[in-house]
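Chemist: First the structure, then my questions, so here it is.
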Amino acid sequence: MKFLNHLTFGQYVPADSLVHRLDPRCKILAVLVVLTGIFLARHILVFAAWGGLLFSLAVLSHLPFRLVLRSAKPVLILVFFTAFIHVFFTDGTPLLEIGFITITREGVSGAVYMGLRLLFLVLFASFLTLTTKPMELSDGLERLFSPFVRFGFPAHELAMMMTIALRFIPTLLDETDRIMKAQLARGAAFDRGNLWKRLKAFLPVLIPLFVIVFQRAEDLATAMEARCYRGGEGRTRMHPLVWRTGDTLGALCVLAIVAGLIVGDRSFLS
Amino acid sequence: MKTDSKTVCELRDVTYVYPGEASGRVPGGASGQEPPEASGAVSTGRRPALSGVTLRVQEGEWLALLGSNGSGKSTLAKHLNALLTPTQGDCTVFGLSTKDLNNVFAIRSAVSMVFQNPENQIVGTVVEEDAAFGPENQGLPTEEIVLRVENALRAAGLLAKRKKPTYTLSGGEKQRLAVAGALAMDTPCLVLDEPTAMLDPQGRRELLDVLRSLHEGGKTIVSITHRLEEILRCDRAVVLVEGRIAWEGSIPGLFAHSDSFRKWGLDAPPLVSLWKELRAETDLPLPEIPTLTAMTDSLCRLL
């Protein structure tokens, strides 16, 4: 169960860095641009460039690179599963044939690219939470969505829900760990048997976890109400968002890098 | 109805039945003419969480609400913050009725609450962010919020950790953060619902020290507990049994009724048991309240 103690996705890591100081709106928009760029990447050299960018960003954010990489751990299964599907279910030029299974050149390259895409998506997205306080993130989202409020879009509610979800990630991981240990002490076996047996063994973990989550949600709602919370109405901020020149420069810099990589991918490398 | 200016909260003949435990309002309604015994809640075999509770909390006092599990302490506390409104009877905070929805924001800005489990009341992921949650909801200007958060964190002994993520705090620190969150709202009254229940002895001591200094600073405190050793510095105690006030009076008066502790579902701490035995068996001039210091002095004199 040690892995539960090492998950970093969704956690904020305080540091005094250029990236930490950027306006959350700038970071959210930059992440969206970066994610688009990653989706459009088609050449292995461009992926290598994305890797270099990731490393530079970690240095610029004063975050240990290992900590950043760790945030991809929860989605590794998804990455492998996607790669697996691509390897075995893509038509094309046969590379290897074992009985009725045919592995194609397109399948292998598709698996590598899709795996890398997913991996980079998560790693770059995790920078947002690693370098931005959830309250700032929620404020940023709220401000970005505020033009849609007039059409009935619940901007504040969505932003607050996200903040609370992020706030409770470490708590719920602790809780899961605790329940799993309790079930192990009572003879549960999470790492034995076939996939079906292992999934079944997780049921006694999931049921109490759901009960706890609902209890916590109710308690938190009561505590928030007691602290005068009544939605976004009349709410002020301790750190109001201010868009500075540095944010404009940062956003332009990200835009230029991503545009450069896309153009490079399309015109030269391809 | 306006109450005396020295009164912070007042409950008059309050009965509360949780929704689902009875068909909502107790027959007899808000008129309060019908006693709860005659109500549907009782006739269906369901007991109201509070029955005919009348209580006044005075400005600047430290009131201890005592009782065993299920005695109605938390239900009563939630009435003081307008989280619950009486099924029957009246509850006012600074003269404002909790039943009037227009008063709720003013009431919650006057009475802040700290709950039992600190983990379930922390909203922010960074210490100062969480402390600022209440003042932000109150719509205060940024400079005022910054000042209040700093003062609250200093009072709770967490100023050095203001930039730390909340998940890195110990249990005691988390509960002190919950207190800081309530203090930052700068309310004249603070209600604490078993704040020490999930703390180790060190965390408990730290929190009680914070409360003591707040009380010395003039804050009205309502502290819910079933640990008698935590109420020695309180001004007054109210014992709840099955939703009714079984006893009300001073702390020395409470200890004079130590024979009733078992009946009230309270457990006398060893120090109180010793004090009681010595009072019964010796002519020693024992203190009125069995604090550790006073008892040590008395025993030293005996030896």
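Which chain is which? The protein sequence lines are A and B, in order. Every position in the first sequence, counted from 1, becomes a number in my numbering once 348 is added. Every position in the second sequence, counted from 1, becomes a number in my numbering once 1381 is added. For every residue, glycine included, the Cβ atom is placed at its ideal position computed from N, Cα and C. These numbers come from a predicted model, not from an experiment.
1) Considering only the beta carbon of each residue, do Ile1602 of chain B and Leu1621 of chain B sit closer than 9 Å?
2) Between which two residues does the beta strand (DSSP E) holding Leu444 of chain A run?
3) Going by CA-CA distance only, name the one from A:Glu573, A:Ala549, A:Val456 and A:Ala389 that's closest to Phe437 of chain A.
4) Check whether the segment 1639-1658 of chain B touches the segment 1438-1448 of chain B, counting contact only when three or more Cβ pairs, one atom from each stretch, lie closer than 8 Å.
5) In angstroms, rounded to a whole number, what distance separates the CA positions of Thr1523 of chain B and Glu1531 of chain B?
6) Using a Cβ-Cβ cut-off of 6 Å (strictly less than) and excluding sequence neighbours within five positions of Ala503 of chain A, which residues of its own chain qualify?
7) Apply the 10 Å Cβ neighbour rule to Tyr360 of chain A and answer buried if 16 or more other Cβ atoms are within range, or exposed otherwise.
8) Taking contact to mean at least 3 C-beta pairs separated by less than 8 Å, is the segment 1501-1514 of chain B in contact with the segment 1542-1554 of chain B?
9) Going along chain B, which residues have a C-beta under 7 Å from Glu573 of chain A?
10) Taking just the CA atoms, how far does Glu581 of chain A sit from Phe562 of chain A?
11) Less than 6 Å between C-beta atoms, sequence neighbours within five positions excluded: which residues of the same chain meet that for Gly1515 of chain B?
12) Of all the beta strand (DSSP E) runs that stay within the bounds of the segment 479-565 of chain A, which reach a length of 3 or more residues?
13) With Cys374 of chain A as the anchor, note down where its alpha helix (DSSP H) starts and where it stops.
14) Less than 7 Å between C-beta atoms, sequence neighbours within five positions excluded: which residues of the same chain meet that for Ala363 of chain A?
15) Is it buried or exposed for Trp591 of chain A, if we count other Cβ within 10 angstroms and need 16 for buried?
16) In chain order, what residues of the segment 1512-1527 of chain B put their CB closer than 8 Å to some CB of chain A?
17) Ignoring anything shorter than 3 residues, give me the beta strand (DSSP E) runs that lie fully in the segment 1525-1585 of chain B, in order along the chain.
18) Using the Cβ count rule (16 or more neighbours within 10 Å means buried), how would you classify Glu445 of chain A?
19) Could you tell me if Gln1414 of chain B is buried or exposed, where buried requires 16 or more neighbouring beta carbons within 10 angstroms of its beta carbon?
20) Here's the rule: buried if 16 or more other CB atoms are within 10 angstroms of the residue's CB, otherwise exposed. What is Asp1590 of chain B?
21) Note the first and the last residue of the continuous beta strand (DSSP E) segment covering Cys1390 of chain B.
22) Within 9 Å (strictly less), CB to CB, does Gly1413 of chain B reach chain A?
23) With C-beta atoms as the reference, is Leu1588 of chain B less than 9 Å away from Gln1556 of chain B?
24) Within 10 Å of its beta-carbon, does Met1494 of chain B have 16 or more other beta-carbons around it, so buried, or fewer, so exposed?
25) So, helix, strand or coil for Arg1448 of chain B, using DSSP?
26) Please state the DSSP three-state secondary structure of Arg1437 of chain B.
27) With 9 Å as the threshold, decide whether the Cβ of Tyr1548 of chain B is near any Cβ in chain A.
28) Sort A:Lys481, A:Ala549, A:Phe550 and A:Ile560 by Cα distance to Thr519 of chain A and report the nearest one.
29) Based on the DSSP secondary-structure assignment, which residues constitute the bridge partners of Ser1493 of chain B?
30) Just to confirm before moving on: does the CB-CB distance between Tyr1397 of chain B and Gly1476 of chain B stay below 9 Å?
31) Is the shortest distance between the beta-carbon of Lys529 of chain A and the beta-carbons of chain B less than 9 Å?
32) Locate the alpha helix (DSSP H) running through Ala420 of chain A, then write down its first and last residues.
33) Along the chain, where does the beta strand (DSSP E) containing Leu1621 of chain B start, and where does it finish?
34) What separation, rounded to the nearest whole angstrom, lies between the Cα atoms of Trp398 of chain A and Lys421 of chain A?
35) Is Ala1512 of chain B close to the ligand HEM? I mean its beta-carbon at under 8 Å from any heavy atom of the ligand.
36) What is the C-beta distance between Leu469 of chain A and Ser419 of chain A, in whole angstroms, given that I count them as a contact (C-beta under 8 Å)?
Modeler: Taking the definition as stated:
1) Within the second sequence, residue 1602 of chain B is the residue found at index 221, counting from 1. Within the second sequence, residue 1621 of chain B is the residue found at index 240, counting from 1. No, these two residues do not count as a Cβ contact at 9 Å.
2) For the purposes of this step, residue 444 of chain A is identified with residue 96 of the first sequence, where counting begins at 1. Unbroken beta strand (DSSP E) run through Leu444 of chain A: Pro442 to Ile446.
3) Within the first sequence, numbered from 1, the residue matching residue 437 of chain A stands at position 89. Checked all of A:Glu573, A:Ala549, A:Val456 and A:Ala389; the closest Cα to Phe437 of chain A is A:Val456.
4) yes
5) The residue you call residue 1523 of chain B lines up with position 142 of the second sequence. The residue you call residue 1531 of chain B lines up with position 150 of the second sequence. Thr1523 of chain B and Glu1531 of chain B: Cα-Cα distance of roughly 12 Å.
6) Locating residue 503 of chain A in the first sequence gives position 155, counting from the first residue. The residues are Glu490, Phe493, Ser494 and Val497.
7) Here the question's residue 360 of chain A lines up with position 12 in the first sequence. Buried, because 16 or more other Cβ atoms sit within 10 Å of the Cβ of Tyr360 of chain A.
8) yes
9) Locating residue 573 of chain A in the first sequence gives position 225, where the first residue counts as 1. Neighbours of Glu573 of chain A on chain B, chain order: Leu1464.
10) Taking the first residue of the first sequence as position 1, residue 562 of chain A is located at position 214. Taking the first residue of the first sequence as position 1, residue 581 of chain A is located at position 233. About 26 Å.
11) Position 134 of the second sequence, counted from the first residue, corresponds to residue 1515 of chain B. Gly1562, Ala1565 and Met1566.
12) Taking only runs of at least 3 residues, no beta strand (DSSP E) segment lies wholly in the segment 479-565 of chain A.
13) The sequence position of residue 374 of chain A within the first sequence is 26, counting from 1. Where Cys374 of chain A is concerned, the enclosing alpha helix (DSSP H) starts and stops at Pro372 to Leu388.
14) Locating residue 363 of chain A in the first sequence gives position 15, counting from the first residue. Around Ala363 of chain A: Ser409, His410 and Leu411.
15) Locating residue 591 of chain A in the first sequence gives position 243, counting from the first residue. Trp591 of chain A should be labelled exposed.
16) Within the segment 1512-1527 of chain B, the residues whose Cβ lies closer than 8 Å to some Cβ of chain A are Ala1513, Phe1514, Gly1515, Pro1516, Glu1517, Asn1518, Gln1519, Gly1520, Leu1521, Pro1522, Thr1523, Ile1526 and Val1527, listed in chain order.
17) 1570-1574
18) Counting from 1 along the first sequence, the entry for residue 445 of chain A is found at position 97. The residue in question, Glu445 of chain A, is exposed, as its Cβ has fewer than 16 Cβ neighbours within 10 Å.
19) Here residue 1414 of chain B corresponds to residue number 33 of the second sequence, with the count starting at 1. Legend: pLDDT at Gln1414 of chain B = 39, less than 50; position of this residue unreliable, no value from coordinates given.
20) As a first step, residue 1590 of chain B must be located in the second sequence, where it is residue number 209. Exposed, by the Cβ-count rule.
21) Residue 1390 of chain B sits at position 9 when you count from the first residue of the second sequence. From DSSP, the beta strand (DSSP E) with Cys1390 of chain B extends over Thr1388 to Tyr1397.
22) In the second sequence, residue 1413 of chain B corresponds to position 32, counting from 1. Note on Gly1413 of chain B: pLDDT 37, under 50, position unreliable in the model; the coordinate value appears next. By this cut-off, Gly1413 of chain B is not an interface position.
23) On the second sequence, residue 1588 of chain B is found 207 positions in, with the first residue counted as 1. On the second sequence, residue 1556 of chain B is found 175 positions in, with the first residue counted as 1. In this structure, Gln1556 of chain B lies closer than 9 Å to Leu1588 of chain B by Cβ.
24) Against the second sequence, residue 1494 of chain B aligns to sequence position 113. Met1494 of chain B should be labelled buried.
25) Taking the first residue of the second sequence as 1, we reach residue 1448 of chain B at position 67. The sequence given here places Gly at residue 1448 of chain B; Arg does not occur at that position. DSSP places Gly1448 of chain B in coil when its eight states are reduced to three.
26) The sequence position of residue 1437 of chain B within the second sequence is 56, counting from 1. It is a strand residue.
27) Numbered from its first residue, the second sequence carries residue 1548 of chain B at position 167. By this cut-off, Tyr1548 of chain B is an interface position.
28) Residue numbering aside, residue 519 of chain A sits at position 171 when the first sequence is read from its first letter. Residue A:Ile560 is the option with its Cα nearest to Thr519 of chain A.
29) The sequence position of residue 1493 of chain B within the second sequence is 112, counting from 1. Answer is B:Leu1571.
30) As a position in the second sequence, residue 1397 of chain B is number 16, starting the count at 1. As a position in the second sequence, residue 1476 of chain B is number 95, starting the count at 1. Contact: no.
31) Here the question's residue 529 of chain A lines up with position 181 in the first sequence. Lys529 of chain A does not count as touching chain B.
32) Here residue 420 of chain A refers to the residue found at position 72 when the first sequence is read from its first residue. In the DSSP assignment, Ala420 of chain A falls outside any alpha helix (DSSP H), carrying neither H nor E.
33) If you number the second sequence from 1, residue 1621 of chain B lands on position 240. Residues Arg1617 to Val1622.
34) Counting from one through the first sequence, the residue named residue 398 of chain A turns up at place 50. Counting from one through the first sequence, the residue named residue 421 of chain A turns up at place 73. Each residue's Cα considered, the two are about 19 Å apart.
35) The ligand HEM is absent from the structure shown, which contains no ligand whatsoever.
36) Position 121 of the first sequence, counted from the start, is the residue given in the question as residue 469 of chain A. Position 71 of the first sequence, counted from the start, is the residue given in the question as residue 419 of chain A. 11 Å between Cβ atoms; not a contact.
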